[in-house]
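According to the UniProt record's numbering, the residues represented by the sequence shown are 1 to 650, in order. These notes concern the structure reproduced below.
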Amino acid sequence: MAQSFTTTINRGSDAPRTVGRTALAGAIRVPDGAVRWVVLAHARDLLRQARARWILETVSVDGDYRQLRGTEPAEALTLDESYAELTAECGRLAEDFPDRCGPAAGAVRRLAVVLAPAATVAEVWAAHTELLGVLEPGGGDTGDCTVTPLDGALEIRLGGAGRGPAAELDTAAFLARVRRLAGAARREGRRPSAAQLVAERFAFDALSRGAGSVRHWGTSGFRDHQTYMSVTDPGEGHLDGTVRSLANLDGVIVHIEHLERGGHQDRRQVEPYRIPDPQTVRQVRLLVGDDAPVSSYVGRPVFEGAVEPSMLKTARTVAAACSELFAQGLAECKIAIEGMTARGAVKFMRAVRAGVARDRFTQVLSAAFNLNTPLLDDRAGQLHDARLVTGRLDIGLLGVELARAGGFDKVTWDGTADTYPSRCVLEQLSYAEAVTLVHRAHERGLLTYFSAGFRRHHLAQAVLTGVDGIGVGGAQILRYMDADTGFHGPFLDRHIPAILAERDLAETSVLGQAARTLSRLDRMAYEGTLTAWDDVHRRDLFAALTAGRPDLGELRRLLGAVAHVTALPDDTEHPLVGWAGRLLAGGHHTLAATSTRLRSDWQAHLDRVAEARDHDDLDRLELLLAAGGGFAAASPRSRREPAAGQALAA
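Right, here's the structure in full:
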């Protein structure tokens, strides 16, 4: 479920209750982790607004104004990158307006407190209040909005003057009240107070979190089934068949995409998979309910000529499509990463991630890489240093790196070509290569997926790789097809039980158990919750699985050696909560405890993790877990140009 800013959900009307003519106060409590993100986002807004205001004050409309670069798509940033960008922009502002920016620069330096894990909400809020005082004092205070730091949270109180009791607001009610406050200020012709402007920024953050997903993918290695069957159809087959039996949804993700290509075989001209009908997506999501995750294909980006000048429009269009699908409660949107170089792909993914509204903890962005399409790796910077990657394994491994760099959550390896039905992707890779791809992605925290050409006899081999999901659908296995025209006929939902039975049987084999166990060990290695000795077993297990002809005796020995790991319970709570539980259970014996700079203060770090978990503060929990507890400041990324590239005021 999407994280709410409230501790109590009030499902009544969002209209404020009144006594006489005074609206009763309502309040939300924003947890520590979200406060840090929003404070930095608001600070960057304040600098942007200051630049515009100072230009208006110092440069006449008909004066000599220069703007050396256009608008670029926003990119998703980590907390430390966000602060680095803030300080870089402050530096550019100081160069352009040296006589105005001094107080703001000092306040920005003190905002570095957001990167200190031990900093309290009161300390973060005090630093932001200083910047507000310098750059945005706001209009007069009407008493309709107050912001107060509490222990581990920031309380935003809306409506009702004084300090009397306030009703708990859910997110919808909070947004409605912010909307009314903005309208009231407009009608009264006054500038909103500083507190109201802060409340608006927290409302923007709430909007960016989307509607949330009721049922999500879960965690690699910690699910009831390691390999989900992604039962795929344009939608009508799901409505008529898939959703009508609970057995059809066991270890299944209900995937919706347009599969039919007809006589069009050139995938450069006609994409082999395409976005489904939006109305059908809503209908399928409604009927599946909470019994299985639902996902949708979005497609490959469509650029208007060259990639760079059309990046802004294309990334925003894809983000808008994903936002609408996520608003229906889908667990995943899949995007084909094609028509770009490696560097362009990373920029595109980061831009989409920045623009999409979703619960980023449970709603997955998936990057699909076609193993038959060469990819130019130009990340070295200069075109003459670029290399064309052509081998399927190399393309797949590069896809892992790019998905991770772009901030996506899942990597898909697709094997389609210019023939239909497609040749199975696992016939285009050796078993060792397929296991290697899955292994490399899992130890980087990514979900994994194979697509193209799966028939029933391929399913066991897929399970034995430990992959998180495979696409099963279309003419290969779940649809009639005219062999001459390529057009599809009725959906074969009666095949679903046999598909799931093949998967279940493969899971019980020694290779199936070994693949699942490796997935669990790889996930724990990524989390840092594995011990050093179990990490040795993890590496040995990978070597045994990829050793040409696997030695079943050796696999059984290794499975016995890590039996205590396979005995750990599957995740039944939020993925971050499961991760935190494993870290706390491992105590001082985990890889994270021995490999971070927090070694001398590890117990304090564990205490902070436990506190964030117990307070359901997922943003803070993510920061503590993903960064090993240190929110270290990064250097501004090289894509940013110096102040000379920005607007210059004479």
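Every residue gets a Cβ at the ideal spot worked out from N, C-alpha and C, and that includes glycine.
Comparing alpha-carbon positions, which option in the options lies nearest residue i?
{"i": "residue 426", "options": "441, 398, 393, 399", "result": "393"}
{"i": "residue 193", "options": "138, 514, 437", "result": "138"}
{"i": "residue 434", "options": "423, 570, 448", "result": "448"}
{"i": "residue 276", "options": "311, 289, 232", "result": "232"}
{"i": "residue 294", "options": "312, 250, 300, 311", "result": "250"}
{"i": "residue 365", "options": "411, 116, 153, 405", "result": "411"}
{"i": "residue 351", "options": "317, 361, 328", "result": "317"}
{"i": "residue 273", "options": "54, 124, 471", "result": "471"}
{"i": "residue 402", "options": "556, 344, 208, 579", "result": "344"}
{"i": "residue 227", "options": "164, 379, 182, 514", "result": "514"}
{"i": "residue 312", "options": "63, 72, 559", "result": "72"}
{"i": "residue 622", "options": "547, 185, 361, 94", "result": "361"}
{"i": "residue 169", "options": "157, 180, 179", "result": "157"}
Can you tell me where the alpha helix (DSSP H) holding residue i begins and where it ends?
{"i": "residue 55", "result": "32–58"}
{"i": "residue 157", "result": "That residue, residue 157, is in no alpha helix (DSSP H); its beta strand (DSSP E) goes 153–158."}
{"i": "residue 198", "result": "194–208"}
{"i": "residue 102", "result": "102–110"}
{"i": "residue 142", "result": "Segment: none, residue 142 is in no alpha helix (DSSP H) and carries neither H nor E."}
{"i": "residue 280", "result": "278–288"}
Cutting at 6 Å between CB atoms, please list the residues of its own chain near residue i, excluding the five before and the five after it.
{"i": "residue 617", "result": "31, 32, 33"}
{"i": "residue 127", "result": "110, 111, 113"}
{"i": "residue 372", "result": "417"}
{"i": "residue 130", "result": "107"}
{"i": "residue 474", "result": "259"}
{"i": "residue 225", "result": "251"}
{"i": "residue 149", "result": "121, 122, 125"}
{"i": "residue 21", "result": "Any answer about residue 21 is weak, because its pLDDT of 36 lies below 50 and its placement is not dependable; what the coordinates show is given next. None."}
Using a Cβ-Cβ cutoff of less than 7 Å, which residues in the same chain neighbour residue i once the five nearest sequence positions on both sides are dropped?
{"i": "residue 577", "result": "613"}
{"i": "residue 443", "result": "522, 525, 526"}
{"i": "residue 302", "result": "314"}
{"i": "residue 375", "result": "342, 389, 395, 398"}
{"i": "residue 300", "result": "271, 336, 338, 339"}
{"i": "residue 476", "result": "421, 453, 454, 455"}
{"i": "residue 490", "result": "480"}
{"i": "residue 534", "result": "521, 562, 565"}
{"i": "residue 328", "result": "281, 282, 285"}
{"i": "residue 229", "result": "251, 252, 470, 472, 499, 500, 503"}
{"i": "residue 464", "result": "506, 511, 512, 515"}
First and last residue of the beta strand (DSSP E) that includes residue i?
{"i": "residue 477", "result": "Segment: none, residue 477 is in no beta strand (DSSP E) and carries neither H nor E."}
{"i": "residue 132", "result": "Segment 121–135 is the alpha helix (DSSP H) holding residue 132; no beta strand (DSSP E) there."}
{"i": "residue 317", "result": "Looking at the DSSP string, residue 317 is not in any beta strand (DSSP E); the run it does join, the alpha helix (DSSP H), is 307–327."}
{"i": "residue 450", "result": "447–451"}
{"i": "residue 491", "result": "488–491"}
{"i": "residue 149", "result": "145–150"}
{"i": "residue 255", "result": "252–256"}
DSSP state of residue i, grouped into three classes?
{"i": "residue 333", "result": "strand"}
{"i": "residue 509", "result": "coil"}
{"i": "residue 75", "result": "coil"}
{"i": "residue 372", "result": "coil"}
{"i": "residue 242", "result": "helix"}
{"i": "residue 27", "result": "strand"}
{"i": "residue 294", "result": "strand"}
{"i": "residue 429", "result": "coil"}
{"i": "residue 367", "result": "strand"}
{"i": "residue 499", "result": "helix"}
{"i": "residue 414", "result": "strand"}
{"i": "residue 404", "result": "helix"}
{"i": "residue 389", "result": "strand"}
{"i": "residue 22", "result": "Low confidence applies to residue 22: its pLDDT is 46, below 50, so where it sits in the model is not reliable, and the reading given next is rough at best. The answer is strand: DSSP assigns residue 22 an E or B state."}
{"i": "residue 338", "result": "coil"}
{"i": "residue 167", "result": "strand"}
{"i": "residue 466", "result": "coil"}
{"i": "residue 377", "result": "strand"}
{"i": "residue 299", "result": "strand"}
{"i": "residue 529", "result": "coil"}
{"i": "residue 687", "result": "The structure shown does not extend to residue 687, since the chain is modelled only from 1 through 650, so no value can be given for it."}
Could you tell me if the beta carbon of residue i falls within a distance shorter than 7 Å of some heavy atom in the ligand ATP?
{"i": "residue 428", "result": "Annotation note on the ligand ATP: not contained in the displayed structure, which lists no ligands."}
Less than 8 Å between C-beta atoms, sequence neighbours within five positions excluded: which residues of the same chain meet that for residue i?
{"i": "residue 672", "result": "Any question about residue 672 goes unanswered here, given that the chain covers just 1 to 650."}
{"i": "residue 428", "result": "371, 372, 392, 415"}
{"i": "residue 331", "result": "213, 215, 216, 217, 253, 293, 294, 295, 362, 363, 364"}
Fill in: 4-residue-minimum alpha helix (DSSP H) runs that sit fully inside the segment 576–630, ordered along the chain
If only complete runs of 4 or more residues are kept, the segment 576–630 shows the alpha helix (DSSP H) at 591–595, 602–614, 618–626, in order along the chain.
Worksheet item: Which runs of the alpha helix (DSSP H) spanning at least 4 residues fall entirely within the segment 213–240, listed in chain order?
Response: As far as the segment 213–240 is concerned, its whole alpha helix (DSSP H) runs of at least 4 residues are 236–240.
Practice prompt. Run through the segment 543–570 for me and flag every whole alpha helix (DSSP H) of 4 or more residues, listed as ranges in chain order.
Written response: 552–561, 563–566
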